[in-house]
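Participant:
Protein chains: 2
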Amino acid sequence: MAAESLSAESPSSAPARQKLLGAAITLIRKNGYAGTSVDDLCKAAGVTKGAFFHHFASKDRLAVAAADHFTSVAAAWFEQAPFLALEDPADRLLGYVDFRLDRLTDDVSTCSCLLGALVQEAYETSPEIRRACFAGIQRQAGGLEADCAEALAARGLSIDPRSLALHTQAVLQGAFVIAKAAGSIQPAVDSLLHLKRYLALLFDKPWEETPQ
Amino acid sequence: MAAESLSAESPSSAPARQKLLGAAITLIRKNGYAGTSVDDLCKAAGVTKGAFFHHFASKDRLAVAAADHFTSVAAAWFEQAPFLALEDPADRLLGYVDFRLDRLTDDVSTCSCLLGALVQEAYETSPEIRRACFAGIQRQAGGLEADCAEALAARGLSIDPRSLALHTQAVLQGAFVIAKAAGSIQPAVDSLLHLKRYLALLFDKPWEETPQ
DNA sequence: TGCCGCATACCGACCGATTGGTATGTTTCA
DNA sequence: TGAAACATACCAATCGGTCGGTATGCGGCA
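Structure representation (structure tokens):
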């Protein structure tokens, strides 16, 4: 079930379509969904309005396709992460947080997740967008669920592994919000370190207090 | 420094003004900032456009005033919470999470923080809104900072109390995002329980595994 | 080989609706 | 009686979306 096939749009991978998806990810993360007009997207993608509505029936459909695209790109990028090679499932979870920590850019305006930004705005108006965003978040969490289950079971903890996996995504999303509010990524970094410390405490892993 | 005086708007507390602030909090939480038009706000408040622009120079200024209003209302509501009477600062922190847990409604569309929803949309376009939102979040976190400092010091932990206080807000914000994405408050409840467990582990507090 | 038929890809002027905001009143009350 | 508190009509700009048209490429057929 490839993400591409989830889209109800034209199956082609015409250049204009790809450019629009890329532009959508960039602009919506930066300016929000309502704050990004179709004209803005076209200009950023170097494409005309005709091309836009040739490939996407509406702005909402573009959003759904962008969410799907984002999801599959993120999944592919995640699947080849080095920490997956670690033996202990708890180490893999800690490695995941480090992995996300590494990818936090200094640019606060880019410091957000497309899915989180989209869903907050589109929740009321478009159930399809909401579904696509949640699917993406769940897929990211799904990649951690098995490790959570294994690590929890090994320590006899009766915590729902799915909720723990989803919690990591919640902290990530919250960190992005706080970073935008603060105008700095530092609080986001700190929050991920708290998340890491939580996992370390939960799984009896040593915690070296590395400042910053 | 009352929140009211922070606003650069008319100092009056005319009924129309209060109604608009209330409507803004409700509608923006539900539909987002861009998704809430001035006409929508006027209709919800039972007020005309003339009244709107009599009290607020622009839609952005209304947003700033609404953020300030929300902040002071939340602060007042927080200051008389029962958990503040607890002796142990760590218990007060756990009590705060329970307090927030209690206030999670079943209505997902209302399940969000005005400040978090606003700042994501207005970050690029309005620095004033961003500042007002961060001020509110910081004020909420500020109410926990002393307890964090005390509880951490009592256990010899060299963790920045401010970052821990802000982390609680990050988890809250993230929980709201995930709840909206999932279309259910359950993940938000779960995330707050994870936060509570983190604090319990950190402060060596007993943790009773209460399902749901 | 050359032409036809047709689908895909794309263009850009244009449309009605809605937006935030204004200008000019009228009412209310100290 | 004068200022604050509203109301109403209106505006320019922008929004998502439409529509008639063009360019290009490919399979089939004489």
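One line per chain: the protein sequences are A and B, in this order. First residue of the first sequence: 2, per the numbering used here; consecutive thereafter. First residue of the second sequence: 2, per the numbering used here; consecutive thereafter. C-beta: ideal position from N, C-alpha, C; glycine also. Fair warning: this is a prediction, and the values are worked out from it, not measured in the lab.
1) What ranges does the alpha helix (DSSP H) occupy inside the segment 9–41 of chain A, keeping only unbroken runs of at least 4 residues that lie completely in it?
2) For the putative contact between residue 172(B) and residue 102(B), defined by C-beta atoms under 8 Å, what is the C-beta separation to the nearest angstrom?
3) What's the C-alpha gap between residue 156(B) and residue 205(A)?
4) DSSP three-state call for residue 48(B): helix, strand or coil?
5) According to the neighbour-count rule (16 or more other Cβ atoms, all chains shown, within 10 Å of its Cβ), is residue 50(B) buried or exposed?
6) Keeping to the same chain, check which residues put their C-beta closer than 7 Å to that of residue 174(A); ignore five residues upstream and five downstream.
7) Would you mind telling me which residues of chain B sit closer than 8 Å to residue 140(A), beta carbon to beta carbon, in chain order?
8) Between the beta-carbon of residue 17(B) and the beta-carbon of residue 45(B), is there less than 8 Å?
9) Comparing the C-beta of residue 83(B) with each C-beta of chain A, is any distance below 8 Å?
10) With 8 Å set as the bound, which would you pick, yes or no: does the beta-carbon of residue 1(B) sit closer than that to a beta-carbon of chain A?
11) Can you confirm whether residue 164(A), when its beta carbon is compared against all beta carbons of chain B, has any partner nearer than 8 Å?
12) Kindly list, in the order they appear in chain B, the residues whose Cβ is closer than 7 Å to that of residue 33(A).
13) For the segment 197–208 of chain A, list every residue whose C-beta sits within 8 Å of some C-beta in chain B, in sequence order.
14) Give the residues of chain A in contact with residue 131(B), contact being defined as C-beta atoms less than 7 Å apart.
15) On the DSSP letters alone, give me the boundaries of the alpha helix (DSSP H) that residue 161(A) sits inside.
16) Do residue 33(A) and residue 1(B) have their beta-carbon atoms positioned less than 8 Å apart in this structure?
17) Whether or not the segment 173–188 of chain A and the segment 129–144 of chain B are in contact is what I'm after, with contact meaning three or more pairs of Cβ atoms, one per stretch, closer than 8 Å; do they touch?
18) For residue 162(B), I'd like the list of residues in its chain whose CB is within less than 6 Å of its CB, leaving aside the five on either flank, ordered along the chain.
19) Taking 7 Å as the limit between beta carbons, can you name the residues of its chain near residue 12(A), skipping five residues before and five after?
20) For chain A, find out if any of its Cβ atoms is closer than 8 Å to the Cβ of residue 126(B); answer yes or no.
21) Between the Cα of residue 110(B) and those of 28(B), 89(B), 62(B), 90(B), spot the shortest distance and give me the residue it belongs to.
22) Please classify residue 101(A): does DSSP put it in a helix, a strand, or coil?
23) Please report whether the beta-carbon of residue 70(B) lies at a distance below 8 Å from any beta-carbon of chain A.
24) Could you tell me the alpha carbon to alpha carbon distance between residue 100(A) and residue 93(B), rounded to whole angstroms?
25) Have a look at residue 209(A) and residue 200(A) and give me their C-alpha separation to the nearest angstrom.
26) For the alpha helix (DSSP H) holding residue 134(A), just list the boundary residues, first then last.
27) Put residue 213(A) into one of helix, strand or coil per three-state DSSP.
28) Got a sec? Which residues, its chain only, sit under 6 Å from residue 166(B) by beta carbon, not counting five neighbours each side?
29) Return the chain-ordered list of same chain residues with a C-beta closer than 7 Å to the C-beta of residue 133(A), the five sequence neighbours on each side being excluded.
30) Could you tell me whether any Cβ in chain B is nearer than 8 Å to the Cβ of residue 188(A)?
31) Quick check on the burial criterion: 16 or more other C-beta atoms within 10 angstroms. Buried or exposed for residue 30(A)?
32) Is DSSP giving residue 186(A) helix, strand or coil here?
33) At what residues does the alpha helix (DSSP H) containing residue 109(B) begin and finish?
34) So residue 73(A) is in the alpha helix (DSSP H); what residue range does that whole segment cover?
35) Please report how far the alpha carbon of residue 84(A) lies from the alpha carbon of residue 96(A), in whole angstroms.
Facilitator: Straight from the coordinates:
1) 16–32
2) Incorrect: roughly 12 Å between the Cβ atoms, too far for contact.
3) 18 Å
4) coil
5) exposed
6) Contacts found: 114, 117.
7) In chain order: nothing, as chain B lies at least about 12 Å away.
8) No. Outside cutoff.
9) Not closer than 8 Å to any Cβ of chain A, the Cβ of residue 83(B) fails to qualify, so no.
10) Nothing in the structure corresponds to residue 1(B), since chain B is present only between 2 and 213.
11) yes
12) 35, 121, 122
13) Going along the segment 197–208 of chain A in chain order, one finds 198, 199, 202, 203 with a Cβ nearer than 8 Å to chain B.
14) 182, 184
15) Looking at the DSSP string, residue 161(A) is not in any alpha helix (DSSP H), and its letter there is neither H nor E.
16) The requested residue 1(B) does not occur in the structure, where chain B is confined to residues 2 to 213.
17) yes
18) So the qualifying residues of the chain are 146, 149, 150, 153.
19) Note that residue 12(A) scores 44 on pLDDT, short of 50, meaning its location in the model is unreliable and no value can be drawn from it.
20) yes
21) 28(B)
22) helix
23) no
24) About 33 Å.
25) 13 Å
26) 128–155
27) Any reading at residue 213(A) needs caution, since the residue's pLDDT is 46, under 50, leaving its predicted position unreliable; the model's value is listed next. Note: residue 213(A) maps to coil in three-state DSSP.
28) Once the five neighbours on either side are set aside, the close Cβ partners of residue 166(B) are 142, 145, 146, 149.
29) So the qualifying residues of the chain are 65, 68, 69.
30) yes
31) buried
32) coil
33) Unbroken run through residue 109(B): none, as it is neither H nor E.
34) Residues 60–80.
35) 5 Å
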